[in-house]
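Let me begin by presenting the structure, written as structure tokens, before commenting on it.
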Ligand code: FAD
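What follows is the structure in structure tokens.
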């Protein structure tokens with residue numbers, strides 16, 4: 025990709041992290057430490073994933089409450105519509121608003137075999153529902169707006185007939201009221217650039233933030249690819265498999281993700297969204313190496329891994 029000259033009038037790149045509710049007491053401790061370590065980088069928001077099953081949903085709400093009450097971080101609440109009625113979703117959005125959440129990532133969620141599909145078929149319908157609920161609460165929002173984000177796909181969504189169709193869907197989500205999009209994980213810089221170019225040509229004007237995941241474990245790469253319907257990148261898979269130990273795997277995973285992040289920023293990306301696995305080390309190492317203008321620069325700890 026061609027490195028663009030810096031645009032001095034452009035806002036600094038945004039920064040966000042994705043966290044998920046902990047599954048046990050030990051992972052809750054790791055998460056608290058992660059939040060403490062990430063907070064000083066002053067992210068624009070911290071995304072909290074959401075899931076269909078009731079205990080996990082309660083975990084998401086508890087994490088949102090923690091971020092709002094105990095930290096200076098701004099949460100972005102993921103919300104999925106699969107398996108829910110319209111009334112349930114309206115209630116959840118209202119409860120998010122009352123808690124103080126001002127950003128929602130509207131998603132469909134994954135279709136589980138044999139599960140009830142729910143009353144809303146697509147994420148675009150959920151964007152409309154969120155906007156309707158917002159209208160009813162303009163007084164408590166003091167005239168302000170909710171920030172509503174949606175998912176975008178650099179690699180064709182597994183259920184979609186084509187990449188073109190994905191672009192049409194993104195345009196439909198923008199028309200339904202989305203303010204920004206965050207991408208699914210991808211492994212080749214050209215995928216992000218192609219997504220943005222095709223979306224712009226189709227009339228999508230909202231910011232499309234690249235979702236970058238520093239993957240430092242081969243097992244995680246396999247699970248991620250299975251869940252997202254992606255093919256593992258052979259170079260990354262080999263680097264993780266062949267690494268001599270955890271430190272080398274960490275370096276390889278961070279170096280790979282750093283190259284993706286740098287390429288996206290050079291191509292004009294409005295910021296970075298980092299999938300963290302609830303761990304801070306890889307995210308912080310990546311940021312240090314990407315040298316995001318908003319993050320105070322520190323000498324790179326891993327100079328041998330700078331992309332050629
Ligand atoms: P949609 O936009 O509804 O798309 C789903 C499928 O329907 C696509 O194939 C699309 O082409 C098609 N489609 C959409 N609209 C139309 C239309 N109007 N007409 C015809 N076809 C249409 N999952 C979770 O369960 N919890 C999370 O917290 C979560 N966070 C995520 C965060 C990000 C940044 C991303 C990228 C994904 C996340 N996911 C999460 C996964 C997501 O739920 C799945 O990728 C899901 O399969 C699709 O969600 P979507 O919002 O893109 O759905």
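Residue numbers (UniProt numbering): 25 to 332. A virtual CB, placed ideally from N, CA and C, is assigned to each residue, including glycine. Predicted model, so just to flag it, every value in this text is computed and none were measured.
Heavy atom of the ligand FAD within 7 Å of residue i beta-carbon
i, result
"residue 223", "no"
"residue 148", "yes"
"residue 239", "no"
"residue 184", "yes"
"residue 193", "yes"
"residue 337", "The structure shown does not extend to residue 337, since the chain is modelled only from 25 through 332, so no value can be given for it."
"residue 207", "yes"
"residue 190", "yes"
"residue 129", "yes"
"residue 101", "no"
"residue 235", "yes"
"residue 201", "no"
"residue 142", "no"
"residue 75", "yes"
"residue 68", "no"
"residue 104", "yes"
"residue 278", "no"
Bridge-paired residues (DSSP) for residue i
i, result
"residue 82", "According to DSSP, residue 82 bridges with nothing at all."
"residue 69", "40"
"residue 299", "42"
"residue 99", "70"
"residue 104", "131"
"residue 207", "176"
"residue 171", "127"
Selected residue, minimal CA-CA separation from residue i, among the options
i, options, result
"residue 201", "155, 238 and 193", "155"
"residue 243", "255, 276, 261 and 90", "261"
"residue 276", "247, 291, 136 and 309", "309"
"residue 77", "87, 52, 106 and 58", "106"
"residue 284", "272, 192, 126 and 237", "237"
"residue 256", "280, 270 and 268", "280"
"residue 301", "49, 34 and 59", "59"
"residue 291", "274, 245, 273 and 231", "231"
"residue 52", "137, 90, 265 and 158", "90"
"residue 140", "108, 114 and 192", "108"
"residue 158", "190, 128, 264 and 174", "128"
Cβ separation of residue i and residue j, assumed to be a contact under 8 Å, to the nearest whole Å
i, j, result
"residue 299", "residue 235", "6 Å"
"residue 306", "residue 240", "6 Å"
"residue 104", "residue 74", "5 Å"
"residue 303", "residue 65", "Not really, about 14 Å apart at Cβ, beyond 8 Å."
"residue 203", "residue 166", "With 8 Å as the limit, residue 203 and residue 166 do not qualify as a contact, their Cβ atoms being about 18 Å apart."
"residue 317", "residue 36", "5 Å"
"residue 282", "residue 314", "6 Å"
"residue 92", "residue 123", "6 Å"
Interface flag, residue i vs chain B, CB-CB below 8 Å
i, result
"residue 255", "You won't find chain B in this structure, because it holds only one protein chain."
Problem - Stretch-stretch touch, CB-based, cutoff 8 Å, three pairs: the segment 186-197 with the segment 137-152 - result: Put simply, the segment 186-197 touches the segment 137-152. At least three CB pairs are less than 8 Å apart.
Problem - the segment 87-106 touching the segment 58-72, judged by at least three CB pairs closer than 8 Å - result: Three or more beta-carbon pairs drawn from the segment 87-106 and the segment 58-72 are found closer than 8 Å, and the two stretches are therefore classed as touching.
Problem - At least 3 beta-carbon pairs within less than 8 Å: the segment 39-47 vs the segment 70-87 - result: The segment 39-47 vs the segment 70-87: in contact.
Problem - Segment contact, 8 Å Cβ cut-off, at least three pairs: the segment 166-186 with the segment 202-211 - result: Yes: the two stretches touch, three or more of their Cβ pairs being nearer than 8 Å.
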